[in-house]
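Colleague:
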Amino acid sequence: MQENGREQWGTRVGFIFAAVGSAVGLGNLWRFPHLTGSNGGAAFLIIYLIIIALIGITIMLSELAIGRATQLNAVGAFKKLSKKWTFVGVMGVIAGFVILSYYSVIGGWSIGYMVRSLTGVFSGDTAELFGSFVSNTWEPLIWHAVFMGLTIGIVYNGIKGGIERASKIMIPALFIMLIIIIVRSLTLPGAAEGVAFYLKPDFSKVTGGTIMAALGQAFFSLSLGMGCMVTYGSYLSKKENLVSSSAIIPISDTLAAFLAGLAILPAVFAFGFDPSSGPGLMFITLPAVFAQMPLGTFFGFLFFVLVTIAALTSAISLLEVCSAYVIDEWKWSRKKTTLLMGLVIFLLGIPSSLSQGAVNINLFGMDFLSFMDYISNNVLLTLGGMFICIFVGWIWGVNNAKKEITNDGTIKFGLFGVWSILVKFVAPIAIFILFLNSIGVFSF
Ligand code: TRP
């Protein structure tokens, strides 16, 4: 299927797997469980679900509509609809570049841990172990190179033969592994307490900060705010149903995050660890859990395979955003683009990798990796999301968007009125408040 000579997804299911692959990543397996762990368990979960339903789905639909309407990369898409708004796409490509550079470093750690788990080294002080692993000069860099190499290898083969084919294998595998780990986790003695924490809301822990954390997490987890879904939507045929896709993707992503919490938190409780240990939960607390668990070596290995796969299907979407821009706008070949872009992003990741203890690289009081993470999440994605809403709500206009979303009136879109209000008012205002909060103008 080629319309105007541009590549397209082979099947609808293939597109859904690829988009779910983009969404399900380190955000679900690493960030969501530790945020839930330190923000009141089920209370955080409930707030997160509300935000996904109101704001996540709204922006998902907006991004897919922009992409499918223009059949162009993030920059080209905005440029085509309104020249003045090209900057939103440019910000998106920059965000993709920046995020992938450090995302690949963490993906590399996950490969390193996958290999290490086989040798059963997780006994002893796992915090010390993690510290000595990441502060090494060469080992994390080599894994970063391996991770980036795998990412390039998939994107190099194009939409249907690369991204879609890889996602159709990796996403089902991911859900199966997750379920195996959940069964293990829930059958541990003492797991019930963790389940209770996870499913019984404690609203006393909810503050304005909790809501902000949930909103930021929704963006990152759904791959929103930087034209990723614009790019994936641009490979959709004019016959696809955008309304149902924009619900299926967030529902699957949220299910994956929910399951990740169910896999991780009960096990953490069962062995008496602290669920609110923060970002170290995945690389420090969990290895200690696996060290004590019956068959822990096997489950530890399986877990890090899972994390690596999830990170990889997200990384390919980040590289695709940057590559699609170069392929469409500079008319480079896909092969040359992915190799060169991948190399440059790898190089940009080097300071992030080294900043974890090997070399002292600080910017504004943060190590380089944390700085890249901060800039992309708190500035680029949040502002990007806000501009996308304003653009669709007020510039391109909800009626033009409606035409695209309903395939020129042939598909029903019963919630058009609700969506219009969300995209014009609720989402941009909520995001603006998040932005002010996250750059520290005020704090809850
Ligand atoms: N959603 C992915 C995760 O949860 C990360 C990711 C992939 C992403 N593509 C993105 C985040 C685009 C923001 C924008 O790990």
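Sequential numbering from 8 applies to the sequence shown in my numbering. A virtual CB, placed ideally from N, CA and C, is assigned to each residue, including glycine. Just so it is clear, the structure is predicted and the values come from calculations on it, not from any experiment.
Going by DSSP, which residues form a beta bridge with Asp-374?
Modeller: Position 367 of the sequence shown, counted from the start, is the residue given in the question as residue 374. BP columns for Asp-374 point to Asn-369.
Colleague: Count Cβ pairs between the stretch 203 to 222 and the stretch 32 to 48 that sit closer than 8 angstroms; are there 3 or more?
Modeller: yes
Colleague: Along the chain, where does the alpha helix (DSSP H) that runs through Tyr-163 open and close?
Modeller: Looking up residue 163 in the sequence shown gives position 156. Looking at the DSSP string, the run of the alpha helix (DSSP H) that includes Tyr-163 is 145 to 163.
Colleague: When we look at the beta-carbon of Ser-359 and count the other beta-carbons within 10 Å, is it buried (16 or more) or exposed?
Modeller: Within the sequence shown, residue 359 is the residue found at index 352, counting from 1. It is buried - the Cβ of Ser-359 has at least 16 other Cβ atoms within 10 Å.
Colleague: Are the CB atoms of Ala-437 and Ile-62 within a distance shorter than 8 angstroms?
Modeller: For the purposes of this step, residue 62 is taken as the residue at position 55 of the sequence shown. For the purposes of this step, residue 437 is taken as the residue at position 430 of the sequence shown. Yes. Within cutoff.
Colleague: Given 7 angstroms as the limit, tell me if Met-155 has its C-beta closer than that to any heavy atom belonging to the ligand TRP.
Modeller: Position 148 of the sequence shown, counting from 1, holds the residue named residue 155. Not under cutoff, so the answer is no.
Colleague: Classify Lys-343: buried if its beta carbon has 16 or more other beta carbons within 10 angstroms, exposed otherwise.
Modeller: The residue given as residue 343 occupies position 336 in the sequence shown. The residue is exposed, with fewer than 16 neighbouring Cβ atoms inside 10 Å.
Colleague: Just to confirm my understanding: we take His-151, look at its own chain, exclude 5 residues before and 5 after, and list those with CB closer than 6 angstroms. What are they?
Modeller: Translated into the one-based positions of the sequence shown, residue 151 becomes position 144. Cβ within range, chain order: Ser-111, Val-112, Gly-115, Gly-356 and Ser-360.
Colleague: For Cys-235, is the beta carbon positioned less than 7 angstroms from some heavy atom of the ligand TRP?
Modeller: By 1-based counting over the sequence shown, the position of residue 235 is 228. Yes - the ligand TRP has a heavy atom lying nearer than 7 angstroms to the Cβ of Cys-235.
Colleague: If you run the structure through DSSP and keep just helix, strand and coil, what is Pro-282?
Modeller: Against the sequence shown, residue 282 aligns to sequence position 275. Coil, per DSSP.
Colleague: When the Cα atoms are used, what is the spatial distance from Leu-346 to Leu-148?
Modeller: By 1-based counting over the sequence shown, the position of residue 346 is 339. By 1-based counting over the sequence shown, the position of residue 148 is 141. Taking the straight line from one Cα to the other gives about 18 angstroms.
Colleague: Going straight from the alpha carbon of Val-312 to that of Ser-383, what length do you get?
Modeller: Here residue 312 corresponds to residue number 305 of the sequence shown, with the count starting at 1. Here residue 383 corresponds to residue number 376 of the sequence shown, with the count starting at 1. Distance between the alpha carbons of Val-312 and Ser-383: 26 angstroms.
Colleague: So, at 8 angstroms on beta carbons, what are the nonlocal neighbours of Ser-253 in its own chain, with the 5 sequence-adjacent residues on each side left out?
Modeller: Taking the sequence shown and counting its residues from 1, the one referred to as residue 253 is at position 246. Around Ser-253: Ile-64, Met-67, Leu-68 and Leu-71.
Colleague: Quick check on Gly-364: does DSSP put it in helix, strand or coil?
Modeller: For the purposes of this step, residue 364 is taken as residue 357 along the sequence shown, with counting starting at 1. Three-state DSSP puts Gly-364 in coil, outside helix and strand.
Colleague: For Gln-78, which of helix, strand or coil comes out of DSSP?
Modeller: To locate residue 78, count along the sequence shown from 1; it is residue 71. Here DSSP, grouped into helix, strand and coil, assigns Gln-78 to coil.
Colleague: With DSSP run on the structure shown, which of helix, strand or coil describes Gly-34?
Modeller: Mapped onto the sequence shown, residue 34 falls at position 27. Three-state result, Gly-34: helix.
Colleague: What I want to know is whether the C-beta of Asn-80 ends up closer than 7 angstroms to one or more non-hydrogen atoms of the ligand TRP.
Modeller: Taking the first residue of the sequence shown as 1, we reach residue 80 at position 73. No, since every heavy atom of the ligand TRP falls outside the 7 angstroms radius drawn around the Cβ of Asn-80.
Colleague: Apart from the five residues on each side of it in sequence, which residues of its chain come closer than 6 angstroms, Cβ to Cβ, to Pro-435?
Modeller: Position 428 of the sequence shown holds residue 435. Correct list, in chain order: Met-393, Cys-396 and Ile-397.
Colleague: Looking at Ser-445: is its Cβ nearer than 8 angstroms to the Cβ of Gly-223?
Modeller: By one-based count along the sequence shown, residue 445 stands at place 438. By one-based count along the sequence shown, residue 223 stands at place 216. Yes. Within cutoff.
Colleague: Can you tell me whether Pro-208 is helix, strand or coil according to DSSP?
Modeller: Within the sequence shown, residue 208 is the residue found at index 201, counting from 1. In this structure, Pro-208 counts as coil in the three-state DSSP scheme.
Colleague: Going by alpha carbons, who is nearest to Ser-174 out of Leu-354, Gly-138, Ile-323 and Glu-336?
Modeller: By one-based count along the sequence shown, residue 174 stands at place 167. Checked all of Leu-354, Gly-138, Ile-323 and Glu-336; the closest Cα to Ser-174 is Ile-323.
Colleague: If you run the structure through DSSP and keep just helix, strand and coil, what is Gln-444?
Modeller: Reading the sequence shown from its first residue, position 437 is the one you call residue 444. Residue identity differs from the one stated: residue 444 is Asn in this sequence, not Gln. Correct three-state label for Asn-444: helix.
Colleague: Here's the rule I'm using: 16 or more other beta-carbon atoms within 10 Å means buried, otherwise exposed. How should Pro-286 be labelled?
Modeller: The residue given as residue 286 occupies position 279 in the sequence shown. Counting other Cβ atoms within 10 Å of its Cβ, Pro-286 stays below 16 and is therefore classed as exposed.
Colleague: Using DSSP with H/G/I as helix, E/B as strand and the rest coil, what is Phe-290?
Modeller: On the sequence shown, residue 290 is found 283 positions in, with the first residue counted as 1. Of the three classes helix, strand and coil, the one that applies to Phe-290 here is coil, per DSSP.
Colleague: Rounded to the nearest angstrom, how far is the Cβ of Gly-21 from that of Glu-171, given a contact under 8 angstroms?
Modeller: As a position in the sequence shown, residue 21 is number 14, starting the count at 1. As a position in the sequence shown, residue 171 is number 164, starting the count at 1. Confirmed, about 4 angstroms.
Colleague: Given Gly-375, which residues of its chain have a CB within under 7 angstroms of its CB, disregarding the five upstream and five downstream residues?
Modeller: On the sequence shown, residue 375 is found 368 positions in, with the first residue counted as 1. In the sequence as presented, Gly is not what sits at residue 375; that position holds Phe. Sequence-distant Cβ neighbours of Phe-375 in its own chain, meaning closer than 7 angstroms and more than five residues away, are Pro-358, Ser-359, Ser-362 and Ile-368.
Colleague: Helix, strand or coil for Leu-269? Go by DSSP, reduced to three states.
Modeller: Against the sequence shown, residue 269 aligns to sequence position 262. Three-state DSSP puts Leu-269 in a helix.
Colleague: Rounded to a whole number of angstroms, what is the C-alpha to C-alpha distance between Val-483 and Ala-30?
Modeller: What is shown of the chain runs 8 to 451, which leaves residue 483 out entirely.
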